[in-house]
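Sequences listed follow chains P and L, in order.
Note that my numbering gives residue 54 to position 54 of the first sequence, counting from 1, and the numbers run on in steps of one.
Note that my numbering gives residue 43 to position 43 of the second sequence, counting from 1, and the numbers run on in steps of one.
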Amino acid sequence: MKPDLFRYAAPQAFFPVAGKLIPWFSVLAGVLALIGLYIAFFVAPTDFQQGEAYRIIFIHVPAAWMSMFIYLVMAGWAGMGLALNTRLSGMMASALAPTGAMFTFIALWSGALWGKPTWGTYWVWDARLTSELILLFLYLGFIALKGAIADPVRADRAGAVLALLGAVNVPIIYFSVQWWNTLHQGSSINLMAAPTMAATMLAGMLVMALAAWMYGVAATLARLRNIILERERDADWVRLQRSAA
Amino acid sequence: MNWGGVNEFLAMGGYGFYVWGSYGVAALCIFLEIFFLRSKRQKS
Chain P
1 MKPDLFRYAA PQAFFPVAGK LIPWFSVLAG VLALIGLYIA FFVAPTDFQQ
51 GEAYRIIFIH VPAAWMSMFI YLVMAGWAGM GLALNTRLSG MMASALAPTG
101 AMFTFIALWS GALWGKPTWG TYWVWDARLT SELILLFLYL GFIALKGAIA
151 DPVRADRAGA VLALLGAVNV PIIYFSVQWW NTLHQGSSIN LMAAPTMAAT
201 MLAGMLVMAL AAWMYGVAAT LARLRNIILE RERDADWVRL QRSAA
Chain L
1 MNWGGVNEFL AMGGYGFYVW GSYGVAALCI FLEIFFLRSK RQKS
């Protein structure tokens with residue numbers, strides 16, 4: 001079992017696999033997004049308190065979930081690289097960071113545009129919003145730190161330490177609405193209790209979240225291939241690849 | 001079906017700026033990411 005799994009830790013072995021997977025995840029993301037948007041705008045009813053403004057939920061919540069989830073996956077890969085010295089891990093972490101930062105930005109942006117009509121302000125320094133903003137800075141810090149270190153092995157190690165330390169922030173974001181008295185509402189969905197929202201709203205949110213997830217996988221794999229080509233540019237297999245293309 | 005026409009759909013019950021501002025910027029981000037990934041791919 002072990003040799004098979006670790007075979008794909010070699011960039012050369014994973015490169016073509018990633019290439020085959022990208023179209024599948026892209027198509028899945030597109031189809032799910034179309035279904036999700038259809039539910040979001042044409043099936044889910046108007047909210048009796050917020051009117052149509054609540055429809056921001058279908059982009060806001062999936063983006064916010066992805067921002068935290070991608071960070072944990074990124075920290076996981078970075079930690080694995082630190083512990084096992086697997087070559088692909090650091091590249092995987094680098095490939096995840098920009099997409100994670102993008103989802104964090106979308107969550108903050110859509111949250112601001114949702115806050116204005118419902119709370120009367122684009123921004124407050126409450127625990128949920130502040131910790132999510134820190135998440136954006138952690139992503140940007142991770143990208144900047146890795147970019148600033150020329151030696152990729154050292155860049156991976158330094159980045160991994162930052163990613164792992166920053167992972168403390170993710171449970172803080174998630175539980176902030178319980179631990180502190182935030183203007184941001186508590187979660188409408190958790191694993192222990194029935195959701196406190198209409199079934200069609202929930203369905204739209206989950207389908208959009210799946211779409212975001214599939215998109216995240218596709219974008220990350222595409223970036224991973226770019227990173228592999230760049231880092232292994234002097235390897236024979238990349239030269240062959242290039243002359244074949 | 002929630003809407004009586006295109007204008008009603010775009011107005012979003014008076015919240016058009018906020019709703020379309022959210023979805024528009026999200027779409028722009030995704031479009032830009034795909035664009036940069038592709039252009040980088042072609043260079044390498």
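Ideal Cβ positions, reconstructed from N, Cα and C, are used throughout, including at glycine.
According to DSSP, is P:D151 helix, strand or coil?
Three-state DSSP puts P:D151 in coil, outside helix and strand.
Could you check whether the Cβ of P:R225 sits closer than 7 Å to any heavy atom belonging to the ligand PLP?
Absence of the ligand PLP is noted for the structure shown, with no ligands found whatsoever.
Under 8 Å between the Cβ atoms of P:A219 and L:L37?
Yes. Within cutoff.
Between the segment 112-126 of chain P and chain L, which residues of the former have CB atoms less than 8 Å from a CB of the latter, in chain order?
Under the 8 Å Cβ criterion, the segment 112-126 of chain P contributes L113, W114, K116, P117.
Do you know how far the Cα of L:G4 is from the Cα of P:L140?
One C-alpha to the other measures close to 44 Å.
Anything in chain L within Cβ reach of P:W109, meaning under 9 Å, just list it in chain order.
G21, S22, V25, A26, C29, listed in chain order.
Could you give the DSSP three-state label for P:G120: helix, strand or coil?
In the structure shown, P:G120 sits in coil (DSSP, three-state: anything other than H, G, I, E or B).
Excluding five sequence neighbours on each side, which residues of the same chain lie with their C-beta closer than 7 Å to the C-beta of P:Q29?
This sequence places Ala at residue 29 of chain P; Gln is not what is there. Excluding positions up to five away in sequence, the list reads A211, M214, Y215, A218.
Should P:P98 go down as buried or exposed, given a rule of 16 or more other Cβ atoms within 10 Å for buried?
Answer is buried; the Cβ neighbour count reaches 16.
State the Cα-Cα distance for the pair P:W179 and P:G186, rounded to the nearest angstrom.
If you take the alpha carbons of P:W179 and P:G186, they lie about 10 Å apart.
Please list, in chain order, the residues of the segment 52-65 of chain P that have any C-beta partner in chain L closer than 8 Å.
Residues E52, A53, R55, I56, I59, H60, A63.
Going along the segment 88-103 of chain P in order, which residues come within less than 9 Å of chain L, judged by CB to CB distance?
So the close ones are P98, T99, M102, F103.
I need the straight-line Cα distance from P:A155 to P:I228, nearest angstrom please.
The straight-line gap from Cα to Cα measures roughly 15 Å.
From L:A26, L:N2, L:F31, pick the residue whose C-alpha is nearest to that of P:M208; which is it?
Taking only the C-alpha atoms, the option nearest P:M208 is L:A26.
Taking P:A262 as the query, report the chain L residues whose CB atoms sit under 7 Å from its CB, ordered along the chain.
Only positions 1 to 245 of chain P appear in the structure, and residue 262 of chain P is not among them; the question remains open.
Show which residues of chain P have a CB atom less than 9 Å away from the CB atom of L:G13.
T46, G51, E52, A53, listed in chain order.
Who pairs with P:D47 in a beta bridge, going by DSSP?
For P:D47, which the question treats as bridged, DSSP gives the partners P:G51.
Give me the chain L residues within the contact set of P:I106, using Cβ-Cβ distance strictly less than 9 Å, ordered along the chain.
Neighbours of P:I106 on chain L, chain order: S22, V25, A26, C29, I30.
Using the Cα positions of P:L136 and P:L224, report the straight-line distance between them to the nearest angstrom.
When rounded, the distance between both Cα atoms is 21 Å.
Do the segment 82-99 of chain P and the segment 43-57 of chain P touch if we need at least three Cβ pairs shorter than 8 Å?
The answer is no - the segment 43-57 of chain P does not touch the segment 82-99 of chain P, with fewer than three Cβ pairs under 8 Å.
Mapping DSSP to helix, strand and coil, what is P:G79?
Three-state result, P:G79: helix.
Helix, strand or coil for P:E232, going by three-state DSSP, please let me know.
Of the three classes helix, strand and coil, the one that applies to P:E232 here is coil, per DSSP.
Rounded to whole angstroms, what's the CA-CA distance from P:A112 to L:R41? Just pull it up for me.
Between P:A112 and L:R41, the C-alpha separation is close to 34 Å.
Which one of P:F105, P:A40, P:A33 has the shortest CA to CA distance from P:I56?
Checking every option, the nearest Cα to that of P:I56 belongs to P:A40.
Going along chain P, which residues have a C-beta under 9 Å from L:N2?
The contacting residues are F41, F42, V43, A44, P45, T46, E52.
For a quick check, are the C-beta atoms of P:T182 and P:P45 less than 8 Å apart?
Their beta carbons are not under 8 Å apart, which means P:T182 does not touch P:P45 by this criterion.
Please compile the residues from chain L whose C-beta is within a distance smaller than 8 Å of the C-beta of P:Y215.
I30, listed in chain order.
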